[in-house]
Structures are given as structure tokens and as C-alpha cells.
Amino acid sequence: MYRLIGMPVSPATKRVCWALDFADIPYHFEEYLPQITTSWVRLRSGQFSGPVSVPVLLGKGGIKLLDSWDIALRAHHDRPQAGLIPDAHREAVAQMNTLSEQIFYAGRILALDRVLADNHALLDLFPSLIPGWCRRPMLPVMRNTIGAIQKKYADPGSTEQDQIKKLDNALSQVRARLDGKAYVLTDGFGYADMTIIAALQVIRPYQPDNSQPQSAYEKAWSCETLATQYGDLLQWRDRIYKEKRKITYRNKPIRHPVR
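Letter by letter, the sequence shown follows residues 1 to 259 of the working numbering.
Put into C-alpha cells, the structure is as follows:
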């Protein structure tokens, strides 16, 4: 069985979990805790220098995949009949993967700035194994952790407006590609949809129950100006989630973690 190491709230992790579940490929999920489990993940994944990145897929025979696209390709290799990445449209799916990463990268830069400016958002990030009573005294630790992540993914010389322009451009391309269709590809639902849907988390996180207020962390990951401008894409995202993202390979209901 594969071992997938990732962060449940990360769009990059969400899309590979969905890909593996869609292809009905069993895996054990291990949550990555920055700074706490970094050395252990570095050792097993072979990331001996530079920043550690997740998701990481480990498997028998020395399989070590450090990129979401490579993990998706592996899922397609193992279960081609699932139709995750149709061979006839691999280039088109790869293009959507690249477009989704443009959305994710720009949105992440903006979101990390907002998280660092909000103590409540930082408190939401503590894993469940940390008792509630000791989280506030540990805020400096969490702030340093998120600060390190911010530095890791920084875009020196760019402004907030630069990132918003990048998002606007990428989202307009997604809208044009969909052009009112149910799915990105005419062949039907697949990884091209999953990767875009996961990236839209940086515009506004998906809420399965709209009656519940957003957490501070979710608000920090919301870009309300673009969420309003591209409300049609979020409605498309929500519909797909409700229709397609229901069970894991273990046949258990999907839980959408909120920190």
C-alpha cells in the first residue's frame, strides 16, 4: 500500500487524495506537521537539501514521488481504466495542472500574509493533538512555522496587486476553458477538474454546510473580490464537490477539515 504524506488543508494534498480515491487506489495518509515531522519526512523522501515539500507518495520498490502531477500520473498508470488522465488528452490535462498551480501559488502568497496577520487564523492551524489550553502560549511557534513557509514560497519584488492580477488572468482562462460545460474535458470528469477545483480553495474554501460560519483560517484563505467576480466558478466547484467528492477508497464519507 502507498503512503501519502501531506497537509489536509493544502490544495496540493487535496487534489492527489481525490485522484487516488477516484482511481480506487488504497493508501495510508500521514499528516505532515511542519518543523515537527520535517526531519522524518526529509529522511524518507530523500529531500536532503532545500525546503521540504508535500505531498509525497512513497511505495514499494523505492517509489518516491514529490510532485502532485507525478502522483496523479502514477495513479493513472496503476488504474488507467478509471479515466483520471485520458491518454488522448494528457497534454490538455497537463495544461490545466499548470494553470491550477498558477492559481495556487499566487493565492497562497496572499493567504499566508493574511494568516500571519490574524492570531485566530494561526490558532486554527494547530493540529488536534495539541490541547486547546496550550495553543495560545504556543502562538510564537506557529507564527515562526508559517513565517518559514511564507519565506519558502515568497515572490520577491511582487506586490499584492501583482498576485491578484495573476489570479485574475488564470481564473479568466479557466472560465474560458469551461465555457458553460459541465467538465473541463468533453470526455467527462477527471483530474483536469480535480486540480482546478482544489486550486479554487485559495479564492474561497469549500464549505459543505453553508449554514456554518467561516473559520478565521478559512477567511484568511478567501479573496473576496475575486470570489465575487468569479462566483460562477465557485458554484461550478461546489456542484462538482457535492456530486463527485463523497467517499474515500475505504468507502468512508469525506471529511473536509477545518482548522
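Heads up, the beta-carbon is just placed ideally off N, CA and C, and yes, glycines get one too.
Three or more beta-carbon pairs separated by less than 8 Å link the region 196-203 to the region 227-242, which places the two stretches in contact. The C-beta distance from Ala111 to Trp221 rounds to 5 Å, short enough to meet the 8 Å contact threshold.
Burial check for Pro11: the Cβ neighbour count within 10 Å reaches 16 or more, so the residue is buried. Nearest neighbour of Val184 by Cα position, chosen from Glu30, Asp238 and Met96, turns out to be Met96. Residues Tyr230, Asp232 and Leu233 of the same chain have their beta carbon placed closer than 8 Å to that of Arg175, with the five preceding and five following residues left out of the count. Listed as beta-bridge partners of Tyr2 by DSSP are Tyr27. Between Ser53 and Leu66, the gap from beta carbon to beta carbon is short of 8 Å. Taking a cut-off of 8 Å on C-beta distances, the region 150-158 does not touch the region 119-130, as fewer than three cross pairs fall below it. Runs of the alpha helix (DSSP H) spanning 4 or more residues and lying entirely within the region 193-248 occur at 216-220, 224-229 and 231-244, in chain order.
Note on the region 2-85: whole alpha helix (DSSP H) runs with a minimum of 4 residues are 11-22, 38-45 and 68-78, in chain order. By the neighbour-count definition (other C-beta atoms within 10 Å, threshold 16), Thr159 is an exposed residue.
DSSP places Arg175 inside the alpha helix (DSSP H), whose first and last residues are Glu160 to Leu178. For Ala111, the enclosing alpha helix (DSSP H) begins and ends at Arg90 to Leu116.
When rounded, the separation of the alpha-carbon atoms in Ile164 and Gly61 is 43 Å. As the crow flies, the alpha-carbon of Ala82 is around 11 Å from that of Tyr191.
Judged by DSSP in its simplified three-state form, Gly188 adopts coil rather than helix or strand.
The C-beta distance from Arg42 to Leu58 rounds to 13 Å, too long to fall under 8 Å, and the pair is not in contact. Burial of Pro55 is indicated by the presence of at least 16 other C-beta atoms within 10 angstroms of its C-beta.
Under the 10 Å beta carbon count, Glu243 is surrounded by fewer than 16 other beta carbons and is classified as exposed.
Per DSSP, the unbroken alpha helix (DSSP H) holding Pro140 starts and ends at Leu139 to Lys152. The three-state secondary structure of Gly157, taken from DSSP, is coil. Of the residues assessed, Pro51 falls on the exposed side of the cut-off, its CB having fewer than 16 other CB atoms within 10 angstroms.
Residue Thr195 holds the alpha-carbon nearest to the alpha-carbon of Cys17 among Thr195, Asp87 and Leu226.
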